[in-house]
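> Under numbering that gives the first Met the number 0, residues 0 to 294 are what the sequence shown spells out, in order. Here a beta-carbon is modelled for each residue, glycine too, at the ideal position from N, C-alpha and C. Encoded as structure tokens, here's the structure I'll be asking about.
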Amino acid sequence: MATDPEHRAGFVALLGRPNVGKSTLMNALVGEKLAIVTPKPQTTRSRILGIATLPHAQLLLVDTPGWKQGAQPLHGALNRLAEEAARGCDVAAVLADLGSGWGETEAALAAGARSGGAPVLAVGTRQDIAPASPRAWPPPADSDFAAVLTLSARTGQGLDAFVAACVSRLPVSPLLYPADELSDRPLRFLAAEHVREAAFHELEQELPYALAVQVVEFDEKRADLVRVRAELLVERESQKKIVIGAGGAMIKRIGIRARREIEQLLGTRVHLDLFVKHEPGWAKRPNRLKSLGYY
Ligand SMILES: Nc1nc2c(ncn2[C@@H]2O[C@H](COP(=O)(O)OP(=O)(O)OP(=O)(O)O)[C@@H](O)[C@H]2O)c(=O)[nH]1
Ligand SMILES: [Mg+2]
0 MATDPEHRAG FVALLGRPNV GKSTLMNALV GEKLAIVTPK PQTTRSRILG IATLPHAQLL
60 LVDTPGWKQG AQPLHGALNR LAEEAARGCD VAAVLADLGS GWGETEAALA AGARSGGAPV
120 LAVGTRQDIA PASPRAWPPP ADSDFAAVLT LSARTGQGLD AFVAACVSRL PVSPLLYPAD
180 ELSDRPLRFL AAEHVREAAF HELEQELPYA LAVQVVEFDE KRADLVRVRA ELLVERESQK
240 KIVIGAGGAM IKRIGIRARR EIEQLLGTRV HLDLFVKHEP GWAKRPNRLK SLGYY
């Protein structure tokens with residue numbers, strides 16, 4: 000196969016506060032729903048690679064957890080993931096919601112990425128619902144940005160310009176992943192994430208944050224039906240009751256919603272069994288966080 004001497008490939012870190020649209024942007028660029036998306040902040044708990052293979056370039060998009068101040072081990076671990084992604088990328092995209100604009104957190108994330116040597120794109124998101132004259136936007140002109148862009152991952156507005164801004168700053172390189180690969184995370188992890196997303200949608204307030212999901216069985220032996228068995232871990236016995244719901248109604252709703260999403264992801268029918276398990280302190284033990292795939 001002839002190699003393209005101009006082909007580019009490399010890592011693009013998507014950084015920003017919770018809820019600015021990092022995961023939505025990654026999904027839009029990859030063309031598949033890899034990362035889960037909810038209206039609640041702090042949805043993403045791990046670093047997820049989304050691979051967008053174009054005719055002349057391959058973008059390795061690194062979705063990161065939203066940056067949050069906080070002393071809890073989970074927050075610390077999540078922030079560290081964002082820091083590592085910022086240091087190890089070829090291009091850093093710092094996303095700011097155009098509804099709130101550019102602030103200290105964005106400036107700190109940009110400074111962190113710059114100290115790792117990456118060019119920084121300042122990216123205003125959710126343009127379709129942004130005010131006509133957003134406040135605190137664009138960022139201060141004295142900062143050293145490779146480019147300042149705005150986009151909407153929902154409508155697609157500005158995505159081509161974002162891709163072009165990334166590609167032109169990636170190193171010349173052959174493909175780093177096979178052209179048909181979409182993520183570095185196994186399907187069973189993505190399935191667990193879709194269960195977590197359904198729980199975020201169905202459960203009220205703080206409860207989704209007390210929840211972890213692990214897939215304990217992922218059986219693909221049959222071509223037309225994948226069997227998935229997943230456990231929802233909660234920190235307290237009282238939470239277990241709520242997640243199960245009266246007569247099992249809540250866990251059933253979560254299951255129906257998650258199954259639809261997993262079927263979409265896998266392109267086959269799915270049989271999904273969900274169980275709720277009381278595991279005190281799962282969020283406080285670094286090794287446990289790692290074994291759950293949050294690292
Ligand atoms: N209208 C509109 N909504 C968007 C857009 N992008 C994201 N959203 C919505 O904003 C919310 C947050 O999006 P996410 O992609 O989960 O944000 P995130 O930055 O990954 O959030 P964390 O993982 O919590 O850090 C969801 O309800 C999305 O549907 C957009 O371009 N337009
Ligand atoms: Mg996210």
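Starting from L210 and walking both ways along the beta strand (DSSP E), at which residues does that stretch end?
Along the sequence shown, one-based indexing puts residue 210 at 211. Here the beta strand (DSSP E) through L210 covers 210 to 221.
> To which residues of the same chain is P17 closer than 7 Å at the C-beta, ignoring the five residues directly before and after it?
Position 18 of the sequence shown holds residue 17. Cβ neighbours of P17 beyond the five flanking positions: P40, Q41, G65, K67.
> If you count every other CB in all the chains shown that lies within 10 Å of the CB of N26, and 16 or more means buried, which is it?
Walking along the sequence shown from the start, residue 26 turns up at place 27. Buried.
> Assign E230 to one of three DSSP states: helix, strand, or coil.
Within the sequence shown, residue 230 is the residue found at index 231, counting from 1. E230 falls in the strand class under three-state DSSP.
> Tell me whether L224 is buried or exposed, calling it buried when 16 or more other Cβ atoms sit within 10 Å of its Cβ.
Stepping through the sequence shown from its first residue, residue 224 is reached at position 225. Answer is exposed; the Cβ neighbour count stays below 16.
> Where does D272 fall in DSSP's three states?
For the purposes of this step, residue 272 is identified with residue 273 of the sequence shown, where counting begins at 1. Looking at D272 - three-state DSSP - the assignment turns out to be strand.
> For a test of the three-state rule: what should DSSP assign to I255, helix, strand or coil?
Here residue 255 is taken as the residue at index 256 of the sequence shown, counted from 1. Note: I255 maps to helix in three-state DSSP.
> Helix, strand or coil: which one does DSSP assign to R7?
Within the sequence shown, the letter at position 8 stands for residue 7. Here R7 sits in strand by DSSP.
> Since Q238 is in the beta strand (DSSP E), which residue starts that stretch and which ends it?
Here residue 238 refers to the residue found at position 239 when the sequence shown is read from its first residue. That residue, Q238, is in no beta strand (DSSP E); its alpha helix (DSSP H) goes 236 to 243.
> Please return the same chain residues whose Cβ sits closer than 7 Å to the Cβ of R256, not counting the five positions on each side in sequence.
Within the sequence shown, numbered from 1, the residue matching residue 256 stands at position 257. For R256, where only same-chain residues beyond five positions count, the Cβ hits under 7 Å are A197, H200, E201.
> According to DSSP, simplified to helix, strand and coil, what is I47?
Position 48 of the sequence shown, counted from the start, is the residue given in the question as residue 47. Three-state result, I47: strand.
> Shorter than 7 Å, the distance from the beta carbon of T267 to the closest heavy atom of ligand 1, or not?
For this step, residue 267 is matched to residue 268 along the sequence shown. Flag unset: Cβ of T267 not near ligand 1.
> Does E236 pass the burial test, meaning 16 or more other C-beta atoms within 10 Å, or should it be called exposed?
In the sequence shown, residue 236 corresponds to position 237, counting from 1. By the 10 Å Cβ count, E236 comes out exposed.
> Output the boundary residues of the beta strand (DSSP E) element that contains L120.
Taking the first residue of the sequence shown as position 1, residue 120 is located at position 121. Where L120 is concerned, the enclosing beta strand (DSSP E) stretches over 119 to 124.
> Report yes if the C-beta of G20 is less than 7 Å from at least one heavy atom of ligand 3; otherwise report no.
Only ligand 1 and ligand 2 can be found as ligands here, which leaves ligand 3 out of the picture.
> If we call anything under 8 Å between Cβ atoms a contact, is A129 one with G98?
Here residue 129 corresponds to residue number 130 of the sequence shown, with the count starting at 1. Here residue 98 corresponds to residue number 99 of the sequence shown, with the count starting at 1. Yes, the pair counts as a contact, with Cβ atoms nearer than the cut-off.
> Looking at C-alpha atoms only, which residue of G30, S290, A91 is the closest neighbour of A121?
The residue given as residue 121 occupies position 122 in the sequence shown. Of the candidates G30, S290, A91, the one whose C-alpha sits nearest the C-alpha of A121 is A91.
> State the DSSP-derived secondary structure class of D62, mapped to helix, strand or coil.
Taking the sequence shown and counting its residues from 1, one reaches residue 62 at position 63. D62 falls in the strand class under three-state DSSP.
> If A112 sits next to A85, beta carbons under 8 Å apart, how far is it from one beta carbon to the other, in whole angstroms?
As a working mapping, residue 112 is identified with position 113 in the sequence shown. As a working mapping, residue 85 is identified with position 86 in the sequence shown. So it is a contact: roughly 4 Å between Cβ atoms.
> Using DSSP bridges, identify the partner residues of Q57.
By 1-based counting over the sequence shown, the position of residue 57 is 58. Note: Q57 sits in a beta bridge opposite A8, T52.
> Name the residue from R79, P72, L231, P54 whose alpha carbon lies nearest to the alpha carbon of P285.
Within the sequence shown, numbered from 1, the residue matching residue 285 stands at position 286. P285 has its Cα closest to that of P72, out of R79, P72, L231, P54.
> Comparing alpha-carbon positions, which option in P54, A12, R46, T104 lies nearest G116?
Residue mapping note: residue 116 aligns to position 117 of the sequence shown, counting from 1. Cα-wise, what sits closest to G116 is A12.
> Taking the beta carbon of Q263 as the centre, do at least 16 other beta carbons fall within 10 Å, making it buried, or is it exposed?
The sequence position of residue 263 within the sequence shown is 264, counting from 1. Per the 10 Å Cβ criterion, exposed.
> Is the distance from the Cβ of E234 to the Cβ of A282 below 8 Å?
Position 235 of the sequence shown, counted from the start, is the residue given in the question as residue 234. Position 283 of the sequence shown, counted from the start, is the residue given in the question as residue 282. Result yes, Cβ atoms of E234 and A282 sit closer than 8 Å.
> Taking its Cβ as the centre, do 16 or more other Cβ atoms sit within 10 Å of P279, making it buried, or is it exposed?
Translated into positions along the sequence shown, residue 279 becomes position 280. The residue is exposed, with fewer than 16 neighbouring Cβ atoms inside 10 Å.
> What number of angstroms, rounded off, separates the C-alpha of M249 from the C-alpha of L271?
Taking the first residue of the sequence shown as 1, we reach residue 249 at position 250. Taking the first residue of the sequence shown as 1, we reach residue 271 at position 272. C-alpha separation (whole angstroms): 15 Å.
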